[in-house]
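Numbering (my numbering), first residue to last: 29 to 203.
Beta carbons: idealized from backbone N, C-alpha and C, even for Gly.
Let me begin by presenting the structure, written as structure tokens, before commenting on it.
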Amino acid sequence: MLTNTELTELNKQRKIHQIAFLVYDAEETMQKWVDLLDIGPWLVLVMSDETCTDVIENGQASDRKFKFICAATMVGETQIELIQPCYGVEVYENWMKKHGEGLHHIKEYIPNEKLDAAVKNYEEKGMPLIRGGHYLEDIHLYIDSMDKLGFQLEIGNCADISLTEDMYYIFPRER
């Protein structure tokens with residue numbers, strides 16, 4: 029167990045990059061965040077088995093068909109992500125059945141060269157990797173922390189991805 033001083037020093041070097049929520053309707057939720065919280069604009073992507081590579085579920089390569097809508101915006105240095113599951117992503121579907129809309133995960137930035145060690149560390153603490161994959165340069169890995177923490181942990185490289193205009197839209201759309 030780390031001392032308080034060790035915890036303080038360790039956490040000075042860490043970065044929580046993202047806070048993510050699962051929602052039933054991404055556009056309706058984005059509009060609420062814009063209207064009520066002045067948070068936006070949102071970059072909106074459709075993620076699927078056609079856009080993601082190297083997908084794994086429960087430690088196995090997966091060729092399952094899936095689709096979800098992902099909307100992201102920055103608030104200060106923290107990304108807020110809204111995810112609308114469509115089909116095929118168990119980690120989202122199971123959550124929505126049990127909890128409905130709300131906080132799903134936080135994402136910690138971990139450099140590429142430290143990702144394997146981080147996964148091993150969490151596995152040793154009884155929190156296995158349950159889903160992962162790549163979207164362009166971005167690596168995302170879900171750690172099954174639900175039973176221990178009440179939410180999922182995502183770790184990844186938080187890469188700046190190279191998008192072309194046909195890959196996304198901005199919400200709200202300017203008139």
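*Under three-state DSSP, which class holds methionine 195?*
Numbered from its first residue, the sequence shown carries residue 195 at position 167. Taken through DSSP and simplified to helix, strand or coil, methionine 195 comes out as helix.
*Spatial distance of glycine 161 from leucine 64 (CA atoms)*: Position 133 of the sequence shown holds residue 161. Position 36 of the sequence shown holds residue 64. Take the alpha-carbon of glycine 161 and the one of leucine 64: they are about 33 Å apart.
*chain D within 7 Å of serine 173, Cβ atoms only*: Protein chain content of the structure displayed is limited to a single chain, and chain D is not contained in it.
*Hey, quick one: how far does the beta strand (DSSP E) through threonine 106 stretch, first residue to last?*
The sequence position of residue 106 within the sequence shown is 78, counting from 1. Membership of threonine 106 in the beta strand (DSSP E) is indicated by the continuous run 106-115.
_Under 7 Å between C-beta atoms of valine 72 and phenylalanine 94_ = Translated into positions along the sequence shown, residue 72 becomes position 44. Translated into positions along the sequence shown, residue 94 becomes position 66. No; because the gap between Cβ atoms is not below 7 Å, this pair is not in contact.
*With a cut-off of 8 Å on the beta carbons, I'd call glutamine 46 and threonine 106 a contact; round off their distance for me.*
Taking the first residue of the sequence shown as position 1, residue 46 is located at position 18. Taking the first residue of the sequence shown as position 1, residue 106 is located at position 78. Taking 8 Å as the upper bound for CB-CB distance, glutamine 46 and threonine 106 are in contact here, some 7 Å apart.
*asked:* So, at 7 Å on beta carbons, what are the nonlocal neighbours of serine 90 in its own chain, with the 5 sequence-adjacent residues on each side left out?
replied: As a first step, residue 90 is located in the sequence shown; it is residue number 62 there, counting from the start. The beta carbon of serine 90 sits closer than 7 Å to those of Val83, Ile84, all from its chain and outside the five residues before and after it, given in chain order.
*Leaving out five residues before and five after valine 103 in sequence, what residues of the same chain have Cβ atoms less than 7 Å from its Cβ?*
By one-based count along the sequence shown, residue 103 stands at place 75. Excluding positions up to five away in sequence, the list reads Ile67.
*Taking DSSP as the reference, what is the three-state secondary structure of alanine 146?*
Here residue 146 is taken as the residue at index 118 of the sequence shown, counted from 1. Three-state result, alanine 146: helix.
*What did DSSP end up calling glutamate 78 once you bin it into helix, strand or coil?*
Here residue 78 refers to the residue found at position 50 when the sequence shown is read from its first residue. Coil, per DSSP.
*Beta-carbon proximity check, glutamate 136 vs isoleucine 183, cutoff 7 Å*: What you label residue 136 is simply residue 108 of the sequence shown in a count that begins at 1. What you label residue 183 is simply residue 155 of the sequence shown in a count that begins at 1. It is a contact, given that the beta carbons lie within the stated cut-off.
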